[in-house]
Amino acid sequence: MNFRSNNYLQLLRRAFLSQYAGSLGGLALAHLLHPTNQEVHGQQLYENSSAPKANAIICLFQHGGPSQMDLFDPKPELSKWNGKPYPSGNLEVHFDKQMGNVLGSPFGFQKHGQCGMELCELLPHTAKIVDDITMVRSMNTESVDHESALRLIHTGRFLAGMPVMGSWIVYALGSENKNLPAYVVLGDPGGLPVDGERNWTSGWLPAVYQGTMFRSGKSPVLHLDTPSGVTEPARRNQLKFVEELNRRFLDQHPESSELAARIENFETAARMQSTVPEILDLSTETESTRELYGLNRPETKEYGTRCLLARRLVEQGVRFVQIFLNGQPWDTHSKNAESLKGLCGRTDQPSAALVQDLKQRGLLDSTIVMWTGEFGRLPVSQGTDGRDHNRHAFSLWLAGGGFRQGYTHGATDDFGYKSVQDVVTVHDLQATLLDAFGIDHRQLTYPHDGREASLTDAEVTKARVIRELLA
Amino acid sequence: MNRLPLLFGWIVLPALCSISAARDDNPDYANQIAPLLKTHCVKCHGPAKQERGLNLSTAANVAWGNDHGAVVVPHDLEASRLWKQVEGDEMPPDMPLSDAQKTLLQQWILSGAQGLSPAVSDKDPGNHWAFRTVNRPTIPTVANSTGLVNGIDYFIQASLEASDIKANAEAAKRTLIRRVSSDVTGLPPSLEDLDRFLADSSSDAYSLMVDRYLASPQFGVRWGKHWLDAAGYADSNGYFNADSDRPLAYRYRDYVIRCINQDKPFDRFITEQLAGDELAQLQPEQPVTPENVELWEATHFLRNGQDGSGESDGNPDEVRADRYYALESVMQNTATTLLGLTIQCAKCHDHKFEPLSQLDYYRWQAVFYPSFNIESWVKPNDRFVYASLPNEQLHWEQQKLAAENRVKTLRTELDDWMKSHRVNGEILFEDRFDTQSAGLAAQWRETAPGDDSTGGSVAVKLDTESAPAAVIKDGKLWVIEGGTQGDSWLSTQRKFDWTPDKIGESIQVTFDLVDNKLPNGVAAERIGYFIALHDFDDNSGTLGGNLLIDGNPTEGTAIHLDYPGADSRSLGTLGTTGYVPGQNYGVRVTNLDNAKFRIEQLVNSFPDDKPIDVKKEDLPDGGFGFEYCCGRSFIVDNVLIERIVASPTENPPTAELRKRQKEVAQAVKQHAELVANRPGKIAWGADMASELPEVHLLARGNYAARAEIVEPGTFSIFADDENRFEVAPRKSSQKSSGRRLAWAKWLTRPESKAASLMARVQVNRLWQQYFGKGIVTTPENFGISGAPPSHPELLDWLAAELIRNDWSMKSIHRLVLNSATYRRSSELQTDSYNADQNSRLLWRFLPRRLDAETIRDQMLAVSGDLNLAMGGPYVATKRLENGEVVAPEDSADSSRRSIYLNQKRTQVVSFLAVFDAPSIVFNSVRRNTSTMSLQSLSLLNSDFAVRRAQAAATLLKLQTSDDRKRIEMAFQRSYSRWPSDIELSDSIRFLDQQTQLYAERNNAREQAWQDLCQSLMASSEFLYVE
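Protein sequences, first through last, are from chains A and B.
319 is the number of the first residue of the first sequence in this note's numbering; add one for each residue after it.
-16 is the number of the first residue of the second sequence in this note's numbering; add one for each residue after it.
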């Protein structure tokens, strides 16, 4: 292995110190606060990795398991067999007592762009960006249970409490803006997604690496607002007083980087009070941008706002932005077709707009956009008009950050039940995403539970970088 | 494991050569290698400084290597990183070894690295330092014993002297009391405690102070939390998004706090938790004793893991996996908490780094399996036992009876009131079923008025008892339904106009429901009756009618129009009251506006909630009748059909009625709550069936791949002829397998390897809480892949002390707290610091941030808000709309200690979470200490912090009006010390400035004081113990 030693060593030192040197929080914070520090970002870490293209990622996460055969993966066989018993062997079914006959997609598919990627009629806006994206039709995962599958795609394990990919990336690369968290979650005003805060937990990585939830509304970050009645000058004066107290204490322990960091934290907190509202203020965006994201239409306004915020955060140097939906709306156990119309109406335009906007601003080369759920759905009906969970196949798309353009990867069987060609596991996906950042997934480790734990746990999962996905 | 193969600063060079066969005159570690390492390496890789985590000062440490693996691999130069460094002259950095020295090292490695700790060179994991029986080490002699108090200090002093480091002197008294109070109780010293201690100049002032805190019930609260974290305690089931409630888990939490306060011997403490049910062996007829209750409460230890099996809804494979997860959680919690072993790898294959085989894993699983039998699973909510003490039971029964009587009294009063306020109309039809002689046939028949066919395929027979039949008995009408034919009826002969002509006029039918079954019969599922009954088989030409009112025993009444037949349709639900015997029921139809007619359900002649409006054509003229269906028999009386001209809403007084109904409803609810809250319910862990299940090894850990049957057992690495794992033969009366008790006995037998390891793990965690880091820095992993102890002999000595003192944990607390080591100041001494920056050798007390619960509890204490109530169900927490999780401040319980807040895994109180409180996804034996801006935001802007500052300011105001005195008091309460002159003047200046800045407000000075108090609580000195 050839390391470009400096960066590799810094990475290692971080893992090392966290176990043996204490004051881990202070140390980690130092990374977050000092972007000029050599070790935190923007560097090529390994010579044996591809040159990193990406330095940020926006994940548009679609909780519930979007139906691949109704959206991204056309299956004419399904229509032929519609209403007849499934002819092709046993299916693994979650609600095993409600399985029905083959259910064809009611939606038409068409070829789009120069690449001719086929998409369903519900995605007219995604159709405009097909030449920018990589479509993966051959995903699979290991669980048909929502929570387990979510943890698999976020953390690589089906158990709760493991660090998510965002935490790993931020742990490896730090942030580029000392006034903002490196990992931001844009929550749905309607509520938390299924599995709640575990979707952005740092698990046993230090808490500094967990996602910070930005909520919609006036107070996006918890406790960002000064309490009512406390005026700005009074607060400034109070911060000064706290700093005097803290400096006196630091004077007694001048060696403590943790106590020094604590002083800096108050400054950062104060700066966040002004920077965060600035970022969330969309009034500086042009009318055409607002229209692009669909802010002028009620059905796209909310999701569009968050997609636009994601771009603004990335512009400010936030490393990982994740957009979630309330509950798990793509979990179409009944009224599959009807539900998909509504969901695509809400997400299609803003998702595509994000890619277009990043591209026109020259940010797409360095920013990955990922659109995915946790698993797919079955070719047969559940009840009369629903689809049950399917772990053997699902589709997702990626754009930017070095991913190939206008490329469709892999294939499922004739019924879309199982990925059969160029299969990509969730672990492969993670390895590939880390690679796009220039991180070797086998070497990004942290001591936990008696071992050097990693996101992909490649020895067990056989995770590998899927080179074909990268340009 | 993916051990990183390289150290930083390391360069891999090609292999140069290898030296042939080992010689007879192999280099000797003690006489040749150790001195070489000591001279050239130990300065940077020794007990004081462990660059790259490497300590080359002892054989055991050389053998262990560092976190990245072994540095010396016997017979293998290429794999021996120590050699590679030396060979390339990378190390030692300043003065490379001579060729002769290199050759010596090379030969030593090639000949098998003789003399290293047997753990490596013999490749016998049984000799691993943690797996050996504890032999109480002798206390070392030291050159300078001035100020040393007990054995701890001698071990510490010895290693300090070896590294030539000078230890700090004792800390100031005010520092000591704050340190002890925070560590022992999690609370700051009260001003009285502070004064008392500072005033006490006697030689035993310190140890008396320690004893006072150790005797405080708050000791159990603080150290109970440490245990609960390790044991994986939570108030919710976790696993799925639902994260359902564990309403009874608190009894285990309270048990733990009690035991810790009582200093229950640890061997007993853990035996109760593993096998309290097997210790109890209570016979059904025996009265429950408090001892029994405690034993059962203790077994909730087995239930602490996540358990989603109550919500499991997938296919059979998923359901099985969810169950196994609960079983595996128990094993993981037990292994890390008690033995410091990471066993999960052995679930699928023999452990790669630890001497734990897959067979070991499943043999041990068989110990717990009878309590968690996958094939005959018991869901979490069904794992309970009632164990009420005799007086508790009696008290409850008396209360229940009183509540029952109250319901009866209020009901009777209500009935009487209603009867006396009934609206009576013009009687159109009346049958009181009193005149047997006239018979039913006088007014009733089996056919609807004017219909050409009988109601139902089998017609109702009148005045007989052979079903379906109607007969008058004892002055009541018996509706006797016998079969499954259904759809028959008993109708009035007359038809009635169900749509009164004038607006506001009504027609109503009422009857007494005497019983919902015949004597010795089955209760009817529904009490059904018709109005506007006119046609059975839809051939009359008139639509609508045949309005079936299908009375449900517990809730609203279903209404169907044009019943029976395919064109029948539901009109929804009428009313909210269920049909129970002893009440009078019926319906009233009122003309609203000539087009719409309102149907109301009548209960004891008074309208119920939720009427239904119908059209005039829905209610053609027709009879009234009782429905016969599906074996539903019942007894009625006093059928009355009346016409009411006056508007029934004007009279009687509905407000009075509602009030009385509400009283009844409340009494009923109270009674139901009492019935549901039978005392003595304990959520326990126990073997659920007397048959012994087969336990299989699972190939590759795959739940579907059952391999050979395994017998219960324990880890073979601890095999010990003196301490065999033996399950006692079962008595015939015994349901339990006895396996857990056998394992607990095996685990706790003094002198055994198992007990030695357990004692080490416990004293290490205790040490970690007092010093920030354990003697072993990986408290969850004492295995070969764990960190080696910084002071192995001290660790063994403490473990031996614990066992020798009959497992009294308090005896170890006392030892540590009284030691000079614990009492050292945290002051920085340059020489010592340069030699040992992280105070691994404990030359000083390292300042340490308080944990989340202590920060919250201390803020409550300083503000005077703290509520010290002990025990009971958890205090509810709430997720606000902005996502913040809080203990709502409108309840006095919100200011209780953090341990009593709902420990819901997916809803950790935000203020605690931001300071690294774990969500207990797994058990937690070690916490991170992070430093983030979000903490500053919480301290400055959270409602919790603002309220504490307000309360603290109010408290000061009440104490004195003198600004200086107030400031002094604020510093004492927050920091346990007086302010310096500069701090005093700075604080006064700050107060004045804030008062100026708030000049526009009428409470400027109050706000200024609030800001001062908040600043103190947000400052580092408050958040840290020195």
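Glycine residues also receive a C-beta, built at the ideal position from the N, C-alpha and C atoms.
Neighbourhood of residue i by C-beta distance below 7 Å, restricted to the same chain and skipping five residues each side
{"i": "residue 3(B)", "result": "Since pLDDT at residue 3(B) reaches only 30, below the 50 mark, its modelled position is unreliable, and the value read off the structure follows with that caveat. Around residue 3(B): no qualifying Cβ."}
{"i": "residue 409(B)", "result": "625, 626"}
{"i": "residue 788(B)", "result": "794"}
Top-ranked residue by Cα proximity to residue i, from the options
{"i": "residue 707(A)", "options": "377(A), 783(A), 517(A), 468(A)", "result": "468(A)"}
{"i": "residue 1041(B)", "options": "360(B), 208(B), 377(B)", "result": "For residue 1041(B) there is no data in the structure shown, the boundaries of chain B being -16 and 1009."}
{"i": "residue 425(B)", "options": "473(B), 465(B), 402(B), 297(B)", "result": "473(B)"}
{"i": "residue 235(B)", "options": "246(B), 221(B), 259(B), 653(B)", "result": "259(B)"}
Buried versus exposed, by CB contacts within 10 Å (16 or more), residue i
{"i": "residue 78(B)", "result": "exposed"}
{"i": "residue 736(A)", "result": "buried"}
{"i": "residue 529(B)", "result": "buried"}
{"i": "residue 388(B)", "result": "exposed"}
{"i": "residue 1012(B)", "result": "Residue 1012(B) is absent from the structure shown; chain B starts at -16 and stops at 1009."}
{"i": "residue 546(B)", "result": "buried"}
{"i": "residue 604(A)", "result": "exposed"}
{"i": "residue 775(A)", "result": "buried"}
{"i": "residue 299(B)", "result": "exposed"}
{"i": "residue 485(B)", "result": "exposed"}
{"i": "residue 42(B)", "result": "buried"}
{"i": "residue 350(A)", "result": "Caution applies to residue 350(A), whose pLDDT of 32 falls short of 50 and renders its modelled position unreliable; the value that the coordinates give is listed next. It counts as buried."}
{"i": "residue 384(A)", "result": "buried"}
Proximal residues to residue i (C-beta, below 8 Å), its chain only, five neighbours per side dropped
{"i": "residue 144(B)", "result": "125, 126, 127"}
{"i": "residue 108(B)", "result": "102, 114, 337, 338, 700, 767"}
{"i": "residue 1001(B)", "result": "919, 922, 923, 928"}
{"i": "residue 685(A)", "result": "372, 373, 374, 375, 376, 632, 676, 718, 719"}
Unbroken alpha helix (DSSP H) run spanning residue i, endpoints
{"i": "residue 658(B)", "result": "637 to 659"}
{"i": "residue 837(B)", "result": "835 to 845"}
{"i": "residue 64(B)", "result": "64 to 70"}
{"i": "residue 552(B)", "result": "Element bounds for residue 552(B): not the alpha helix (DSSP H) but the beta strand (DSSP E), 552 to 557."}
{"i": "residue 989(B)", "result": "987 to 1001"}
{"i": "residue 438(A)", "result": "Careful: residue 438(A) lies outside any alpha helix (DSSP H), inside the beta strand (DSSP E) at 435 to 438."}
Neighbourhood of residue i by C-beta, 6 Å cutoff - its chain only, sequence neighbours within 5 removed
{"i": "residue 710(B)", "result": "721, 722, 725"}
Endpoints, beta strand (DSSP E) assigned at residue i
{"i": "residue 739(A)", "result": "737 to 739"}
{"i": "residue 456(B)", "result": "452 to 456"}
{"i": "residue 726(A)", "result": "725 to 727"}
{"i": "residue 596(B)", "result": "595 to 598"}
### Message
Under 8 Å, with one C-beta from each stretch per pair, do the stretch 778 to 793 of chain B and the stretch 731 to 750 of chain B reach the 3-pair mark?
### Response
By the C-beta criterion, the stretch 778 to 793 of chain B is judged to be in contact with the stretch 731 to 750 of chain B, since at least 3 inter-stretch pairs fall below 8 Å.
### Task
Please confirm if the stretch 576 to 583 of chain A is in contact with the stretch 913 to 926 of chain B, defined as three or more CB-CB distances below 8 Å between the two stretches.
yes
### Task
Taking 8 Å as the threshold, find out whether the stretch 470 to 477 of chain A comes into contact with the stretch 450 to 462 of chain A through three or more Cβ pairs.
With contact defined as three or more Cβ pairs closer than 8 Å, the stretch 470 to 477 of chain A and the stretch 450 to 462 of chain A are in contact.
### Message
Quick test of the definition: if touching needs 3 or more C-beta pairs under 8 Å, does the stretch 868 to 880 of chain B touch the stretch 952 to 963 of chain B?
### Response
no
### Task
Indicate whether the contact test is met: 3 or more Cβ pairs, each with one atom in the stretch 376 to 395 of chain A and one in the stretch 418 to 434 of chain A, closer than 8 Å.
yes
#### Entry: Three-pair Cβ contact test at 8 Å for the stretch 223 to 233 of chain B versus the stretch 249 to 257 of chain B
The count of Cβ pairs closer than 8 Å, one atom from the stretch 223 to 233 of chain B and one from the stretch 249 to 257 of chain B, stays below three, leaving the stretches out of contact.
### Query
Three or more C-beta pairs closer than 8 Å, one from the stretch 760 to 771 of chain A and one from the stretch 737 to 745 of chain A: is that the case here?
no
#### Entry: Cβ pair count under 8 Å reaching 3, the stretch 818 to 827 of chain B against the stretch 886 to 897 of chain B
The stretch 818 to 827 of chain B makes no contact with the stretch 886 to 897 of chain B: fewer than 3 CB pairs, one atom from each, lie closer than 8 Å.
#### Entry: Segment contact flag, the stretch 369 to 377 of chain A with the stretch 636 to 652 of chain A, C-beta cutoff 8 Å, min 3 pairs
Here the stretch 369 to 377 of chain A makes contact with the stretch 636 to 652 of chain A; the two share three or more CB pairs at distances below 8 Å.
### Task
Specify whether the stretch 588 to 605 of chain A and the stretch 515 to 531 of chain A touch according to this definition: at least 3 beta carbon pairs, one from each stretch, less than 8 Å apart.
Counting Cβ pairs under 8 Å, fewer than three are found: no touch.
### Message
Any contact between the stretch 665 to 678 of chain B and the stretch 389 to 407 of chain B? By contact I mean 3 or more CB pairs, one from each, below 8 Å.
### Response
no
### Message
Taking 8 Å as the cut-off, does the stretch 367 to 387 of chain B touch the stretch 276 to 286 of chain B (at least 3 CB pairs, one atom from each stretch)?
### Response
Yes, the stretch 276 to 286 of chain B is in contact with the stretch 367 to 387 of chain B.
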